[in-house]
Structure formats: structure tokens, C-alpha cells
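Data first, discussion second: the structure below is written as C-alpha cells.
Chains as they are written, first to last, in the working numbering: chain A, 86 to 425; chain B, 86 to 425.
Written out as C-alpha cells, the structure reads:
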């Protein structure tokens with residue numbers, strides 16, 4: 086798990102540019118607020134938990150150059166707003182920014198820089214600890230030699246720790262052995278083809294890549310143990326926003342009696358939402374579909390619908406794995422579950 | 086419908102190179118058997134009915150240069166075998182080759198070239214007539230202003246006539262008006278993004294492009310009237326092989342109560358097969374997924390599963406539209422239906 090997905094040392098934030106993987110693995114310094122916002126918007130850093138960690142460090146990058154805490158407090162609202170507007174769906178972003186906001190609200194005059202940094206580092210450290218707990222709990226749902234399907238990327242690259250859903254699978258292969266992971270390519274951004282295959286290869290997990298639309302047929306051919314995905318936002322009733330294609334995968338899994346598991350830290354749960362209807366769904370640029378990577382596919386001017394996420398209703402989810410343990414469907418009451 | 090998708094004049098076969106659309110619309114002459122086989126294998130011509138028409142003309146291209154009918158009869162088995170091996174799933178290919186084989190078997194000594202050409206031209210002409218009948222019958226299932234989803238390309242480009250499923254939609258928009266067609270991009274070969282959008286634009290049909298995995302969410306948002314696809318082979322019980330992703334689309338349609346329609350001439354029906362289990366599914370090159378159009382996505386050596394087609398069980402199909410009329414599910418008995 087030694088991938089340098091994100092580092093923050095001596096006030097300098099560096100991230101692995103995920104848009105250039107697997108060909109080029111290069112750390113890029115994000116030296117100011119603009120760079121941090123740009124990195125999140127362009128998916129240089131992505132994955133709901135990692136977006137949260139990056140935004141927390143981003144607050145430090147934006148405020149630490151100021152000369153005193155009063156200036157930082159004054160500047161903070163604009164910084165938090167800009168980071169909060171970088172991507173609308175992942176709730177971990179807002180969770181991390183709220184934690185930073187609380188620190189800003191009670192910023193000491195002396196040691197204010199350290200106070201901000203400590204909170205960002207704590208968010209990163211807690212994310213890593215949560216990932217370890219997710220892996221431990223998630224493994225309960227797997228068996229030696231299981232053939233599983235995953236969508237998008239939910240490994241170390243998605244969290245800065247050991248990952249969520251993919252972290253479970255990597256850990257299960259290490260301890261139980263014999264897993265085979267079928268990877269959806271995950272159009273339009275190809276996180277499965279580019280990132281998940283790369284991480285599985287790095288961790289010596291046997292895997293096979295396929296187009297998203299092939300997963301249903303793979304399930305029909307049988308012998309698929311379970312489906313594993315992450316989450317960008319989970320409502321109180323368990324409705325889950327995740328990468329576009331997750332809902333179709335959940336429908337196919339239910340039809341074939343294949344268990345469908347969501348893995349996410351509780352910072353992904355948005356208790357302000359009763360259900361998934363209130364989750365804002367980011368729509369991204371038409372070019373990602375019509376001319377991906379400059380590859381002109383559709384005629385000029387073709388109208389595109391490019392939602393980045395979809396919402397899978399809770400009744401299609403068999404289990405939600407969190408750092409606190411496994412919640413099992415068909416009904417979830419996360420408000421009660423997380424009340425303690 | 087004046088697109089020159091395929092022409093055969095004075096013994097010269099030319100096809101529109103569909104791999105270069107929509108950027109470049111260029112007719113390419115297929116001057117010998119190798120060129121015809123290559124054009125089919127590389128999807129320069131594609132679409133089950135058009136593959137049949139192309140193969141029929143291909144027999145002419147291969148045999149007409151010979152000096153007498155005895156030579157043609159002797160050479161024919163190898164020619165038919167090579168064309169038959171060019172793509173394994175579309176049954177129209179074998180249907181067309183069997184018709185040419187019957188002509189070869191009773192080839193006259195005088196006028197043998199004309200006999201071969203007449204049969205190939207007849208196959209092409211009948212395909213066009215069937216398309217017109219498909220459009221007329223299919224329209225019965227549509228209403229003014231219907232919002233529909235389609236997968237892959239089933240327009241004029243797929244048949245050399247006016248198309249199958251897309252032919253229905255184009256005709257319905259022309260006569261009923263107000264259709265809106267949502268187009269799956271259709272990975273891995275992007276026939277939806279490249280060909281269907283182009284044909285819909287050419288015929289002034291309002292349309293929107295999306296990734297394949299977004300269709301289920303579009304249905305969940307409601308207001309989708311029906312789903313329309315073609316077929317590469319239909320078994321006697323109605324099980325239908327079609328482009329990979331069709332099965333996932335049918336599952337989502339059923340879940341949302343959206344009617345799912347298959348449009349194909351009866352030459353697509355394979356009465357030798359009781360059900361879809363016997364349909365051979367072509368697996369194509371890993372590069373189409375791992376490095377499409379040379380765009381290196383996955384790490385070198387990534388294992389890929391790339392089935393070109395899937396099988397949708399008949400019980401998910403609401404209607405099969407043929408040139409003879411509309412057969413309605415949930416059960417189909419095509420052996421009885423086509424016995425007359």
C-alpha cells in the first residue's frame with residue numbers, strides 16, 4: 086500500500102496525476118488554491134475519500150501563506166466555497182470541508198497554521214484507518230477463490246489509504262487467496278481500464294477487463310460470487326450515488342441473484358438526505374463521450390447526456406460495508422445505525 | 086435513403102468504409118475475395134443484413150473472373166467457406182451464402198455469370214423490400230413524440246436498405262413526428278456514437294448520445310416509451326443474439342416496464358436452433374477494449390474478455406418485428422410462425 090497517491094510534507098501538497106496512469110506515474114505539486122480546484126475538477130485526483138483528503142490539504146495550501154490567523158479566518162469562506170464547488174456529488178468533500186471550517190472558526194492566534202495542518206493530517210490518517218477497517222469487515226462477505234465484479238476505481242488511488250471496495254478485494258486475495266476480479270472499463274472516464282487494472286496488477290490480483298455492458302452476460306453465465314462498488318454519497322435509507330453504470334450493474338446482479346455490496350466510510354453517508362432523490366448528480370462535459378481523449382467519434386454538435394453518477398436504490402443493495410461494520414439489507418436505517 | 090452503402094455495377098463491388106465515419110465517407114472497391122473477407126472482418130461493412138448482401142456480391146467478385154462455369158463450381162466451396170468464416174454470429178451471412186450455393190449447384194454453362202449476379206442482386210433487392218416492410222410493421226408499436234432508446238447501429242448502414250430497428254425509428258419520425266432517440270455509444274466499437282448519430286442527423290431525427298451504462302438510469306427517470314434493437318441471430322424460441330450490451334438493456338427495460346422490441350428480417354431467424362444456447366458468440370481482439378483506436382488505456386498485457394454479442398432470452402422481448410409482421414411475446418414459436 087506504499088503508493089504515493091498524496092503527500093503533504095513541509096507545507097507542500099503533491100498528488101499522483103491519475104489522468105496519466107497507467108502510462109506515467111508522476112507526482113504533481115498543487116501549489117495554490119487554483120491548482121487544487123483544477124486537480125479535483127479534471128480528475129487528476131478522484132475517488133470520494135481522496136477528494137475529501139485533498140480538499141482538506143487544499144485549505145492549508147490556500148491559507149498557510151497568509152501572515153496571521155485573522156486573515157486566514159477572513160479568507161476561509163471563499164476558499165471553502167471554491168473547494169466545495171469543485172465537484173458536487175461526493176459528500177466526503179463537504180464532510181472534510183466542514184471539519185476544516187470548524188477548526189477555522191476557533192483558530193488560535195499562535196500556532197494557527199499547525200492547527201489547520203493537524204486537522205488535515207488527521208482526516209488523512211482517519212481515512213487510512215477507516216480503509217483498514219473496511220477491508221477487515223468486507224472480507225467477511227468473501228470466500229477463497231471468489232469470482233467478483235467491480236466498477237470504476239475504489240482502490241488506494243481512490244482514498245489515499247488502501248481503498249474501499251477494491252481495498253476489500255485486494256486484502257481478501259492476500260489473505261483468503263484465489264480471487265478473480267472482473268473489471269468494468271467504466272465509461273466515460275475509464276477508471277476501471279486505467280486505474281483498477283493497474284492497481285490489481287500491482288497487488289498481484291488476477292483480473293480481467295471488460296466493457297461495462299458485458300457484466301450482465303458474465304453474471305448470466307454464472308459463477309459470479311458478488312459485485313463490489315464504492316460510493317460517492319449514501320442517503321439515510323441506503324440509496325447510493327456512485328459512478329454511472331452502478332445502477333445497471335445492481336439491476337443485473339439482482340436479476341441473477343448475485344449479492345451486491347457497497348463499501349464506503351461513514352463520511353460518505355449524508356444523514357441530511359432521507360433518500361437518493363436529493364443527491365445532486367454532476368453532469369460532465371459532452372466531449373468525454375463524443376470525443377474521448379480527442380478521439381472524434383460522434384459528428385460535430387451531437388447532443389450528449391453525460392451524468393457522472395447514478396443512484397442505486399437501497400433495495401438492490403445487499404450490504405453496506407462501513408468502518409463500523411457491515412449493514413445488511415434489504416432495508417437500511419443509517420440514521421439509527423450511526424446515531425451512537 | 087440514398088446513402089451509397091453498397092453498390093454493385095458492371096461487376097464492381099464498392100462499399101462505404103464504415104470504420105471511417107462520420108469523419109470520412111468514402112467508397113472502397115472490394116476487387117477480390119481477400120478484400121471482401123477483410124472488409125467484413127474489420128467491420129468496414131457490418132450489420133447482419135448488410136454482411137449477407139456483401140457476402141453474396143463477394144461470391145460474384147471471387148468467381149466471375151474465372152473463364153467457365155465448371156471452374157466456378159470447383160472453386161465455389163473454398164470461396165463460400167472463406168466468406169462463411171469471416172464472422173461467426175450473424176446468420177444472415179450463412180443464409181445468403183446458402184442461396185448462392187444453390188445457384189452454384191445448378192450453374193448453367195452459358196450465362197453462368199449472369200445467374201450468380203442475378204441471385205446476389207435479388208438478395209440485395211429483397212433486403213431492401215424487407216426493410217420497408219419492417220418499418221411499416223414496426224411503426225404500429227410507436228406513437229407521436231415517443232422517447233426511445235436504441236443500441237448499436239441498425240440503420241441504412243446496417244442493411245444496404247433503410248435499416249431494421251433504426252429504419253423503424255427514422256420512418257416513424259418522418260410520418261408520426263416528434264421522436265427523440267437516445268443512442269447508446271455501444272462499446273467497444275462505438276457504432277452508436279459514430280454511425281447511429283450520423284444517420285439520425287442525416288435524417289433530421291432529434292437524438293442524444295450517452296454511454297451504454299447510462300440507459301438504465303434514463304429509464305428510471307421515466308418517460309421512455311420503448312427500446313429498439315436489431316439482431317444478429319434469432320433462435321426458434323425467440324432468444325436473440327445481438328451486440329454486447331443488448332441483454333443488460335433488456336434487463337433494465339423489463340425492470341422499468343419499458344417495452345423491448347427486436348427488429349429483423351426472417352433471414353435472421355435460425356430455425357435449426359431451439360434456443361439461444363447454441364448461438365456461437367464471436368470474441369474479438371483485446372485491443373478493442375484495452376487500447377481502442379490505439380489509445381492505450383489498460384496496462385500492457387491486461388487480460389480482456391471481449392464478446393462481440395450477447396443473447397437476450399425471449400422472455401425479456403415484448404415483440405419481434407419481421408417483414409411478415411409483428412410477433413408478440415412473452416413466448417415465440419418462430420418454427421410454426423415461419424412454417425408457411
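All C-beta atoms, glycine included, are put in the ideal place defined by N, C-alpha and C.
Residue burial classification, residue i (beta-carbon count within 10 angstroms, cutoff 16)
| i | result |
| --- | --- |
| residue 107/A | buried |
| residue 228/A | exposed |
| residue 271/A | buried |
| residue 350/A | buried |
| residue 327/B | buried |
| residue 297/A | buried |
| residue 110/A | exposed |
| residue 101/B | buried |
Candidates the options: closest to residue i by CA position
| i | options | result |
| --- | --- | --- |
| residue 291/A | 359/A, 419/A, 251/A, 171/A | 251/A |
| residue 232/A | 262/A, 205/A, 203/A, 210/A | 262/A |
| residue 319/A | 180/A, 117/A, 226/A | 180/A |
| residue 312/B | 346/B, 256/B, 264/B | 346/B |
| residue 265/A | 404/B, 388/B, 174/B | 388/B |
| residue 198/B | 161/B, 376/B, 90/B | 161/B |
| residue 392/A | 366/A, 267/A, 186/A, 189/A | 366/A |
| residue 305/B | 153/B, 340/B, 275/B | 340/B |
| residue 170/B | 126/B, 99/B, 206/B | 126/B |
| residue 221/A | 408/A, 423/A, 424/A | 408/A |
| residue 338/B | 152/B, 189/B, 236/B, 240/B | 236/B |
Chain-order list of residues whose beta-carbon lies under 6 Å from that of residue i (same chain, five-residue window excluded)
| i | result |
| --- | --- |
| residue 223/B | 253, 348, 406 |
| residue 202/A | 145 |
| residue 414/A | 402, 403 |
| residue 230/B | 263 |
| residue 356/B | 321, 420 |
Span separating the alpha-carbon of residue i from that of residue j
| i | j | result |
| --- | --- | --- |
| residue 183/B | residue 142/B | 13 Å |
| residue 145/A | residue 129/A | 19 Å |
| residue 273/B | residue 373/B | 6 Å |
| residue 86/B | residue 259/B | Caution applies to residue 86/B, whose pLDDT of 40 falls short of 50 and renders its modelled position unreliable; the value that the coordinates give is listed next. When rounded, the distance between both Cα atoms is 12 Å. |
| residue 150/A | residue 97/A | 11 Å |
| residue 295/A | residue 370/B | 12 Å |
| residue 140/B | residue 168/B | 6 Å |
| residue 288/A | residue 238/A | 14 Å |
| residue 382/B | residue 247/A | 23 Å |
| residue 269/A | residue 293/A | 9 Å |
| residue 336/A | residue 92/A | 38 Å |
| residue 210/A | residue 284/A | 21 Å |
| residue 364/B | residue 256/A | 39 Å |
| residue 243/A | residue 249/A | 8 Å |
| residue 219/A | residue 343/A | 21 Å |
| residue 157/A | residue 121/A | 17 Å |
| residue 361/A | residue 116/B | 59 Å |
| residue 386/B | residue 195/B | 56 Å |
| residue 410/A | residue 208/A | 20 Å |
| residue 315/B | residue 90/B | 18 Å |
| residue 245/A | residue 113/A | 15 Å |
| residue 205/B | residue 174/B | 21 Å |
| residue 317/A | residue 423/B | 52 Å |
| residue 267/A | residue 286/A | 13 Å |
| residue 375/A | residue 368/B | 26 Å |
| residue 380/A | residue 275/A | 14 Å |
| residue 186/A | residue 95/A | 22 Å |
| residue 241/B | residue 99/B | 16 Å |
| residue 131/A | residue 131/B | 38 Å |
Contacts around residue i, its chain only, beta-carbon distance under 7 Å, and the 5 residues preceding and following it disregarded
| i | result |
| --- | --- |
| residue 177/B | 133, 134, 136, 137, 352, 353 |
| residue 164/B | 118, 144, 147, 148 |
| residue 434/A | Residue 434/A lies beyond the stretch modelled for chain A, which goes from 86 to 425, so this question has no answer here. |
| residue 359/B | 320, 321, 322 |
| residue 377/B | 273 |
Same chain, Cβ closer than 8 Å to residue i, neighbours up to 5 away in sequence not counted
| i | result |
| --- | --- |
| residue 192/A | 154, 157, 158, 200, 201 |
| residue 308/A | 232 |
| residue 310/A | 227, 228, 231, 232, 233, 343, 344 |
| residue 172/A | 125, 126, 136, 178, 367 |
Touching by the beta-carbon criterion (3+ pairs, under 8 Å), the region 330-338 of chain B and the region 392-399 of chain B: yes
Contact between the region 301-315 of chain A and the region 278-285 of chain A (3+ Cβ pairs under 8 Å): no
Quick check: the region 105-119 of chain B against the region 202-222 of chain B, are at least 3 beta-carbon pairs closer than 8 Å? no
Contact between the region 320-329 of chain B and the region 407-423 of chain B is defined here as three or more beta-carbon pairs at a separation below 8 Å; is this criterion met? yes
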